[in-house]
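Novice: Before we start, here is the structure in question, set down as structure tokens.
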Amino acid sequence: MKPEQLLTDETFLAWYFRTDDESVEKWNRSMADNPSLKASVDEAVSLLQFMQSEEERLVNEQQIEQATARLMSRVQDWEETKPVTRSLSNVFVRWAWPVAASILMAFGLVWYLNKEETDNVYVASEHMMELKLADGSLVKLNKGAELKVANLNQNATGSREVWLKGEAFFDVSHLPNHRGFVVHSGEVDVAVLGTRFNVRNGANATSVALESGKVELSLANNHAQKLVMKPGDLVEYSTASGGLVKSEINVQTYAAWQSGKVVFENATLTEIQKTLEGRFGLKVQVEPGSELGEFNGAFPSDDPAVLINALEKAYPGQVVRTEGGIQVRKSIND
Numbered sequence: 002m003k004p005e006q007l008l009t010d011e012t013f014l015a016w017y018f019r020t021d022d023e024s025v026e027k028w029n030r031s032m033a034d035n036p037s038l039k040a041s042v043d044e045a046v047s048l049l050q051f052m053q054s055e056e057e058r059l060v061n062e063q064q065i066e067q068a069t070a071r072l073m074s075r076v077q078d079w080e081e082t083k084p085v086t087r088s089l090s091n092v093f094v095r096w097a098w099p100v101a102a103s104i105l106m107a108f109g110l111v112w113y114l115n116k117e118e119t120d121n122v123y124v125a126s127e128h129m130m131e132l133k134l135a136d137g138s139l140v141k142l143n144k145g146a147e148l149k150v151a152n153l154n155q156n157a158t159g160s161r162e163v164w165l166k167g168e169a170f171f172d173v174s175h176l177p178n179h180r181g182f183v184v185h186s187g188e189v190d191v192a193v194l195g196t197r198f199n200v201r202n203g204a205n206a207t208s209v210a211l212e213s214g215k216v217e218l219s220l221a222n223n224h225a226q227k228l229v230m231k232p233g234d235l236v237e238y239s240t241a242s243g244g245l246v247k248s249e250i251n252v253q254t255y256a257a258w259q260s261g262k263v264v265f266e267n268a269t270l271t272e273i274q275k276t277l278e279g280r281f282g283l284k285v286q287v288e289p290g291s292e293l294g295e296f297n298g299a300f301p302s303d304d305p306a307v308l309i310n311a312l313e314k315a316y317p318g319q320v321v322r323t324e325g326g327i328q329v330r331k332s333i334n335d
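Per this note's numbering, the very first residue in the sequence shown carries number 2; after that it's consecutive.
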């Protein structure tokens, strides 16, 4: 099946937008049973992600009708001997304009977005995604991240709010009416006016790194206790500790994933362990009393094997590759 056909299949759109559990299960099973299908799926997903990151512009109803007609004509040209079983008109009716806009843009026609609709979900499934939100804020989603946004129209009132799963870098636009911007990340709420910061939301921990501006953190279940960050601060929260812990870092190094890198500057064993577990989901077993010297280097953010190879060479006999991660042993000189 071609990527163009996937974009006219309502069950595929339901899988992408995660709006129907049966469709999600169907497409996950289809890709598992038919590996060759994944290439087309990846291409269709890339198209949708690109469309969601394009700058919004309005078109009138006549342009939409003309674009729809051209689209339906081109779909007919793409059909193979076996016709597409799902009606394109049903796709437009069922998914309304947010998805209709995606389909139109996919075929190089026009982009339509209802300015009043500001409650959307963006998913960076296989690749990083760059977004320009309705309020002018810029967001980079690391692969695997999911962002839900609400109340971002510039003419609205009250705080702008987003909900993050995974990792993202925010460059928040400061609006004339001084409306706040709140990132809900697990158990931590990040409140800002206009600033640049990185948020990583893992299964059991959340970290916030501030590049510029001012950020105020609070726990979702206790807004009375607040922590104010300054540029260069890293604040970490874990369900184990139940509290916020602040330290100083190089934020540009911490957020190097935006350029496809993981960077270490005089990193300690603790920092190496956090990166392997938090960014790559690997298991790190540390023998009591183990220590490693300061570690430096830049490595691809999508290939942990390169980093593990470097660690093995830097600390021979101390860093040992294991299934699903590494083991750190005490030095033989200790």
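Just so it is clear, CB atoms sit at the ideal spot from N, CA and C, and this is done for glycine as well.
1. On a CA-only basis, which of Q286, T276, Y316 is nearest Q328? Give me that one, please.
2. Tell me the residue span of the alpha helix (DSSP H) that contains F18.
3. Would you give the residue range spanned by the beta strand (DSSP E) that M230 belongs to?
4. Which of the three DSSP states, helix, strand or coil, is assigned to E324?
5. Could you tell me the distance, in whole angstroms, from the CA atom of N297 to the CA atom of S242?
6. Would you list the one or two residues that DSSP bridges to V42?
7. May I ask you to report which of helix, strand or coil DSSP gives S138?
8. Would you kindly check if the distance between the Cβ of F182 and the Cβ of V193 is under 7 Å?
9. When the Cα of D303 is compared with those of E44, E127, R19, G167, which residue comes out closest?
10. For I309 versus R330, is the C-beta distance shorter than 7 Å?
11. Here's the rule: buried if 16 or more other CB atoms are within 10 angstroms of the residue's CB, otherwise exposed. What is S260?
12. For K231, which residues from the same chain have a beta carbon less than 8 Å from its beta carbon, with the 5 sequence-adjacent residues on both sides left out?
13. What number of angstroms, rounded off, separates the C-alpha of N267 from the C-alpha of A299?
14. Can you have a look at K227 and say buried or exposed, based on whether 16 or more other CB atoms are within 10 angstroms of its CB?
15. Apart from the five residues just before and just after D234, which ones in its own chain have a Cβ nearer than 7 Å to its Cβ?
16. List the endpoints of the continuous alpha helix (DSSP H) containing E127.
17. Going by DSSP in three states, N156 sits in which element: helix, strand or coil?
Specialist: In short, the structure shows the following:
1. From the listed residues Q286, T276, Y316, the smallest Cα separation to Q328 is found for Q286.
2. From DSSP, the alpha helix (DSSP H) with F18 extends over 11–18.
3. 223–230 is the extent of the beta strand (DSSP E) around M230.
4. E324 sits in coil when the DSSP states are folded into three classes, being neither helix nor strand.
5. C-alpha separation (whole angstroms): 28 Å.
6. Answer by DSSP bridge pairing: none, since V42 is not bridged.
7. Coil at S138, not helix or strand.
8. Contact: yes.
9. Minimum Cα distance to D303 is reached at E127.
10. No. Outside cutoff.
11. Classification for S260: exposed.
12. Leaving aside the five residues that flank K231 on each side, the residues in its chain whose CB is nearer than 8 Å to its CB run, in chain order, L211, K215.
13. Approximately 12 Å between the Cα atoms of the pair.
14. Burial call: exposed.
15. If we look at D234 and ignore the five residues flanking it on each side, its Cβ neighbours are L211, K247, E249.
16. Neither: E127 is in no alpha helix (DSSP H) and is coded neither H nor E.
17. The three-state secondary structure of N156, taken from DSSP, is coil.
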